[in-house]
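Mapping of the sequence shown onto the numbering used here: residues 1 to 69, in sequence order. Beta carbons are placed, not taken as given, at the ideal position from N, Cα and C, and that holds for glycine.
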Amino acid sequence: MAVISLGRQLNLKVIAEGVETETQLAFLRDNACNEIQGYHYSRPLKSHDLEQLLSQPFVWPVAAAALVD
């Protein structure tokens, strides 16, 4: 939490990497982290697989949408 607070005080966008669990996501959301990435959402994808994923309609879960500034 100290790193998130420091980033906020410096007017920086705080990005959390390596988020793997719902518990980690909840902590980051509760502490106003700007963005997250990690296996909780997706493992690394090859470019072809990413193109397929992005071409499909997708509705973000409410928990994820709450993180968007």
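Closest Cα partner of Gln37 within the set Leu6, Glu22, Arg8, Gly7: Position 37 of the sequence shown, counted from the first residue, corresponds to residue 37. Minimum Cα distance to Gln37 is reached at Glu22.
Quick check on the burial criterion: 16 or more other C-beta atoms within 10 angstroms. Buried or exposed for Ala26? Position 26 of the sequence shown, counting from 1, holds the residue named residue 26. Result: exposed.
Let me confirm a value: Leu28 is counted as buried when at least 16 other C-beta atoms fall within 10 Å, else exposed. Which label applies? By one-based count along the sequence shown, residue 28 stands at place 28. Burial call: buried.
For Asn34 and Lys13, believed in contact at Cβ under 8 Å, the rounded distance: As a first step, residue 13 is located in the sequence shown; it is residue number 13 there, counting from the start. As a first step, residue 34 is located in the sequence shown; it is residue number 34 there, counting from the start. Lys13 to Asn34, Cβ: 5 Å. Contact.
Have a look at Leu45 and Glu51 and give me their C-alpha separation to the nearest angstrom. In the sequence shown, counting from the first residue as 1, residue 45 sits at position 45. In the sequence shown, counting from the first residue as 1, residue 51 sits at position 51. Taking the straight line joining both Cα atoms gives about 9 Å.
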